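Here is the structure we will look at, set down as structure tokens.
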Amino acid sequence: MEQLKEKVAAEQKGLKPLLSMEYHELEAWLKEEGEPAFRAKQIFEWVYQKRVERFEDMTNLSKALREKLASHFSLRVLSEIVMQESTDGTMKFLYELPDGYSIETVLMNHEYGNSVCVTTQVGCRLGCTFCASTLGGLKRNLTAGEIVAQVLEVQRRLDEKGERVDSVVIMGIGEPFDNYDELMPFLRLINHDQALNIGARHITVSTSGVVPRIYEFADEKTQINFAVSLHAPTTEIRSRLMPVNRAWPLEKLMDSIRYYQEKTNRRITFEYGLFGGVNDQVEHAHQLADLIHGLKCHVNLIPVNDVPERDYVRTSRDDIFAFEKTLKDRGVNVTIRREQGHDIDAACGQLRAKERSEETE
Ligand code: SAH
Numbered sequence: 001m002e003q004l005k006e007k008v009a010a011e012q013k014g015l016k017p018l019l020s021m022e023y024h025e026l027e028a029w030l031k032e033e034g035e036p037a038f039r040a041k042q043i044f045e046w047v048y049q050k051r052v053e054r055f056e057d058m059t060n061l062s063k064a065l066r067e068k069l070a071s072h073f074s075l076r077v078l079s080e081i082v083m084q085e086s087t088d089g090t091m092k093f094l095y096e097l098p099d100g101y102s103i104e105t106v107l108m109n110h111e112y113g114n115s116v117c118v119t120t121q122v123g124c125r126l127g128c129t130f131c132a133s134t135l136g137g138l139k140r141n142l143t144a145g146e147i148v149a150q151v152l153e154v155q156r157r158l159d160e161k162g163e164r165v166d167s168v169v170i171m172g173i174g175e176p177f178d179n180y181d182e183l184m185p186f187l188r189l190i191n192h193d194q195a196l197n198i199g200a201r202h203i204t205v206s207t208s209g210v211v212p213r214i215y216e217f218a219d220e221k222t223q224i225n226f227a228v229s230l231h232a233p234t235t236e237i238r239s240r241l242m243p244v245n246r247a248w249p250l251e252k253l254m255d256s257i258r259y260y261q262e263k264t265n266r267r268i269t270f271e272y273g274l275f276g277g278v279n280d281q282v283e284h285a286h287q288l289a290d291l292i293h294g295l296k297c298h299v300n301l302i303p304v305n306d307v308p309e310r311d312y313v314r315t316s317r318d319d320i321f322a323f324e325k326t327l328k329d330r331g332v333n334v335t336i337r338r339e340q341g342h343d344i345d346a347a348c349g350q351l352r353a354k355e356r357s358e359e360t361e
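Structure follows, in structure tokens:
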């Protein structure tokens, strides 16, 4: 409660989240305030390494500077509403934002480390017909700092066990490329060696196919992993599943993906949800193999999660394996996504959707 009041007060005073400030921006701000640039390093160290939550705890800064920081910036932007832990160790956090909206963040534990799945928007406006995140439409974009804060909050949890966040996937609620201007500073911040120092190759951005931003992202030439939610082998099927395909049809999407690969030479991941009777037959697997032929890529098959509000059915085990085998026989790199957090509403938007419906009951 106290924490929340503090945040609301900060919001009302028009404070900027410090976590939205990139290193060079903080340096520039300090310079304007007549402070030496190396204070940026000290501040980043307090925020990202020592992970203090109050400016007054930054004891190697002068009292005057700490006060100045506190009158310009807020340091806390999230408060935890609930945490659910799955029997497989997956943890799902529901956080409240200063304006009362809530967002989800998931921590998964793989053999290769701790992976955090972050949210980029409150809701989503893309309307994918199988996805719970989009049910209430888009409320607002998150700021870079609000996305950074999710990683930092989870890191604080891991501090209790002496562990660290090893990788970050931008696969939570929202379309990251619909919030590109906040996404990019977020990515640079978590990657920055004075901040969380998460290697670009340990970060994955997933898009539903916002084509103009794919070109832009390609031109950034980062080492960040790139995933596309493809979900269909033909434009007709894709339009049925994903309205975004009407704005940027499959052919245009594939052009942008080829451009991305030419520019970066990086392998692409295609996410392909198997929706019973829609896109999950052997003929679809052949169409998919044709579509992605010549690309350096990997296909991640996701057997659909049942979303109570949507009536897609799960593909049978036999059909899942037949689909996988067809792709393998055609020389495609393919895996079936391991499911985690089944018992804790861990699929996109499910916890938030549940919380929202409980609010309105
Ligand atoms: N908007 C981005 C980021 C979300 S990533 C994107 O679309 O890529 C979340 C992934 O889970 C996406 O591939 C999304 O299509 C998929 N997804 C959403 N709802 C699902 C469901 N009910 N079953 C299986 N996958 C789902």
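Residue numbering for the sequence shown follows UniProt numbering, starting at 1 and increasing by one per position.
Yeah, the Cβ is synthetic: ideal placement off N, Cα and C, and Gly gets one too.
Since the model is a prediction, treat every value here as computed from it, not as a measurement.
Check	Outcome
Contact set for Ala-285: own chain, Cβ-Cβ below 6 Å, skip 5 residues either direction	Phe-323, Thr-326, Leu-327
Ser-206 Cβ short of 7 Å to ligand 1 heavy atom set	yes
DSSP state of Pro-303 mapped onto helix, strand, coil	strand
Beta bridge counterpart(s) of residue 372 as assigned by DSSP	Any property of residue 372 remains undetermined from this structure, which presents the chain solely from 1 to 361.
Residue range of the unbroken beta strand (DSSP E) whose run includes Gln-84	79-85
Unbroken alpha helix (DSSP H) run spanning Phe-186, endpoints	180-191
Candidates Gly-89, Glu-96, Phe-321, of which the one nearest Leu-78 by Cα	Glu-96
Beta-carbon spacing of Ser-208, Val-244 below 8 Å	yes
Among Glu-236, Ser-316, Leu-241, the one whose alpha carbon lies nearest that of Gln-287	Glu-236
Among Gly-276, Ile-320, Val-282, nearest to Val-313 - alpha-carbon criterion	Gly-276
Close beta carbons around Ser-357, own chain, < 8 Å, minus the five adjacent residues each side	Per-residue confidence for Ser-357 stands at a pLDDT of 49, beneath the threshold of 50, marking its modelled position as unreliable; the derived number appears in the next sentence. For Ser-357, where only same-chain residues beyond five positions count, there are no Cβ hits under 8 Å.
C-beta contact flag for Ser-115 and Asp-166 at 8 Å	yes
Three or more C-beta pairs below 8 Å linking the region 184-191 and the region 125-138	no
For Pro-36 and Asn-141, the rounded distance between their alpha carbons	33 Å
Ile-302 CB to nearest heavy atom of ligand 1 below 7 Å	yes
Cys-297 CB to nearest heavy atom of ligand 1 below 7 Å	no
Close-in-space but distant-in-sequence residues of the same chain around Pro-249 (CB under 7 Å, 5 per side omitted)	Thr-235
Own chain residues within Cβ distance below 6 Å of Gln-155, not counting five before or after	Val-165
8 Å Cβ cutoff met for Phe-44 and Gln-194	yes
Reduced DSSP category for Ile-237 - H, G, I as helix; E, B as strand; rest coil	helix
Given 8 Å, three or more beta-carbon pairs between the region 68-75 and the region 117-131	no
Helix, strand or coil at Asn-109 [DSSP, three-state]	strand
For His-231, the nearest candidate out of Asn-279, Leu-15, Asn-265, Ile-203 (CA to CA)	Asn-279
Unbroken stretches of the beta strand (DSSP E), 3 residues or longer, contained in the region 260-305	268-274, 297-303
Pro-176 Cβ short of 7 Å to ligand 1 heavy atom set	yes
Closer than 7 Å: Phe-186 CB and nearest ligand 1 heavy atom	no
Sheet register partners of Thr-59 (DSSP bridge)	Thr-59 pairs with nothing; no bridge assigned.
Start-to-end residues for the alpha helix (DSSP H) that takes in Gly-172	Per DSSP, Gly-172 belongs to no alpha helix (DSSP H) and is neither H nor E.
Nonlocal neighbours in the same chain, by C-beta distance under 7 Å from Gln-12, ignoring five residues either side	Confidence in Gln-12 is poor, its pLDDT being 49 and thus under 50, which makes the residue's placement too unreliable to answer from.
Phe-93 burial status per 10 Å Cβ neighbour count (16 or more: buried)	buried
Cβ-heavy atom distance, Gly-14 to ligand 1, below 7 Å	no
Same chain only: Cβ atoms within 7 Å of Asp-219, ignoring 5 sequence neighbours per side	Lys-263
Local conformation of Thr-335 per DSSP, three classes	strand
Presumed contact (8 Å Cβ cut-off) between Val-168 and Ile-203, rounded CB distance	5 Å
Cα-Cα separation between Ser-20 and Lys-296, rounded to whole angstroms	34 Å
Contact belief for Leu-69 with Met-91 at Cβ below 8 Å, rounded distance in angstroms	Leu-69 to Met-91, Cβ: 31 Å. No contact.
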